[in-house]
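Read through the structure below, which is laid out as structure tokens, and then see the notes.
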Amino acid sequence: MKDLKEFNIPFVGLKEGSHLFEYHIDKKFFEAYQFEDFNDANINVKVNFVKKSTIMELSITASGTIHVPCDITSEMYNQEIEGTLALVIKFGLEFNDDNEEILILPHEAYQVNIAQYIYELIVLSVPSKRIHPKVIDGTMNSEALKRLKELELKEEKPVEKEKSTDPRWDKLKDLLTDK
Numbered sequence: 001m002k003d004l005k006e007f008n009i010p011f012v013g014l015k016e017g018s019h020l021f022e023y024h025i026d027k028k029f030f031e032a033y034q035f036e037d038f039n040d041a042n043i044n045v046k047v048n049f050v051k052k053s054t055i056m057e058l059s060i061t062a063s064g065t066i067h068v069p070c071d072i073t074s075e076m077y078n079q080e081i082e083g084t085l086a087l088v089i090k091f092g093l094e095f096n097d098d099n100e101e102i103l104i105l106p107h108e109a110y111q112v113n114i115a116q117y118i119y120e121l122i123v124l125s126v127p128s129k130r131i132h133p134k135v136i137d138g139t140m141n142s143e144a145l146k147r148l149k150e151l152e153l154k155e156e157k158p159v160e161k162e163k164s165t166d167p168r169w170d171k172l173k174d175l176l177t178d179k
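Take the sequence shown: its letters are residues 1 to 179, numbered as in the UniProt record's numbering.
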């Protein structure tokens, strides 16, 4: 993760108030995490860093595209993504990131690395089912879709079964109606 030093925010020298940091995320960022689900990425990340006297607030916004295969046809396409993440940074005795919304840094800390939060935001912003836009609008023309249509089950009318019951049950039913 040594390649991700550009995502360090040194907050000791910053004045109280709002500060804006902007980053461009590409495939190299994900290679640092050994994440290979995306063939390419073109994502802009804006971080609004608000420094207050005792706490700091981060608002991270990511928007852009990732180049991924379609889950239905395996055709490559650019999936648009957008996401936001709010994070509060407090100071305590030791580092603690157990809570996903609150980060506790030791009192002697002078900077915070936000690369992990950007990574999680982007990965969680990707839809769980990635479908090529041409599949949705019906203009996709691929071998995989043709094969799926061939293998699709045809709806048939349900066949009614003859009502045949066991004669022993019929005798029991007679007992109920003989009251």
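For glycine and all other residues, C-beta sits at the position ideal for the given N, C-alpha and C.
Keep in mind it's a predicted model, so treat the numbers as computed, not measured.
What does the alpha-carbon distance come out to for the pair residue i and residue j?
{"i": "residue 182", "j": "Lys46", "result": "This structure cannot settle anything about residue 182, because the visible part of the chain is limited to 1 through 179."}
{"i": "Glu143", "j": "Ala41", "result": "27 Å"}
{"i": "Leu93", "j": "Met56", "result": "16 Å"}
{"i": "Ser128", "j": "His107", "result": "39 Å"}
{"i": "Leu172", "j": "Thr165", "result": "12 Å"}
{"i": "His67", "j": "His19", "result": "31 Å"}
{"i": "Glu152", "j": "Phe29", "result": "40 Å"}
{"i": "Lys51", "j": "Leu58", "result": "9 Å"}
{"i": "Lys149", "j": "Lys134", "result": "16 Å"}
{"i": "Leu14", "j": "Leu105", "result": "17 Å"}
Per DSSP, which one or two residues make a beta bridge with residue i?
{"i": "Tyr23", "result": "Val45"}
{"i": "Val50", "result": "Ser18 and Glu57"}
{"i": "Glu152", "result": "None; Glu152 has no bridge partner."}
{"i": "Gln79", "result": "Ile66"}
Ordered along the chain, which non-local residues of its own chain (more than five positions away) have a Cβ less than 8 Å from that of residue i?
{"i": "Leu103", "result": "Leu87, Val88, Ile89, Lys90, Asn96, Asp97 and Val112"}
{"i": "residue 183", "result": "The structure shown does not extend to residue 183, since the chain is modelled only from 1 through 179, so no value can be given for it."}
{"i": "Phe35", "result": "Tyr119 and Val123"}
Given residue i, which residues of its chain have a CB within under 7 Å of its CB, disregarding the five upstream and five downstream residues?
{"i": "Phe21", "result": "Ile9, Val47 and Phe49"}
{"i": "Glu16", "result": "Lys51, Lys52 and Ser53"}
For residue i, which option in the options has the closest C-alpha, if you only look at C-alpha atoms?
{"i": "Ser125", "options": "Ile43, Ala109 and Leu151", "result": "Ile43"}
{"i": "Lys146", "options": "Ile72, Glu80 and Glu100", "result": "Ile72"}
{"i": "Ile60", "options": "Leu14, Leu175, Leu121 and Asp37", "result": "Leu121"}
{"i": "Ile131", "options": "Ser74, Glu100 and Glu82", "result": "Ser74"}
{"i": "Gly64", "options": "Phe38, Cys70 and Lys51", "result": "Phe38"}
{"i": "Ile114", "options": "Gln79, Gly13, Ile25 and Asp170", "result": "Ile25"}
{"i": "Lys5", "options": "Tyr23, Gln34 and Gly17", "result": "Tyr23"}
{"i": "Ile136", "options": "Cys70, Asp174, Phe7 and Val123", "result": "Cys70"}
Excluding the 5 residues preceding and the 5 following residue i in the sequence, name in chain order all residues of the same chain whose CB lies nearer than 6 Å to its CB.
{"i": "Ile118", "result": "Val45"}
{"i": "Thr84", "result": "Thr61"}
{"i": "Glu82", "result": "Ser63"}
Reducing DSSP to helix, strand and coil, say where residue i ends up.
{"i": "Phe7", "result": "helix"}
{"i": "residue 213", "result": "Nothing can be reported for residue 213: it is not among the residues displayed for the chain, which extend from 1 to 179."}
{"i": "Leu93", "result": "coil"}
{"i": "Ile102", "result": "strand"}
If we cut at 8 Å on Cβ distances, does residue i have a partner in chain C?
{"i": "Trp169", "result": "Going by chain labels, chain C is absent from the structure shown, which holds only one protein chain."}
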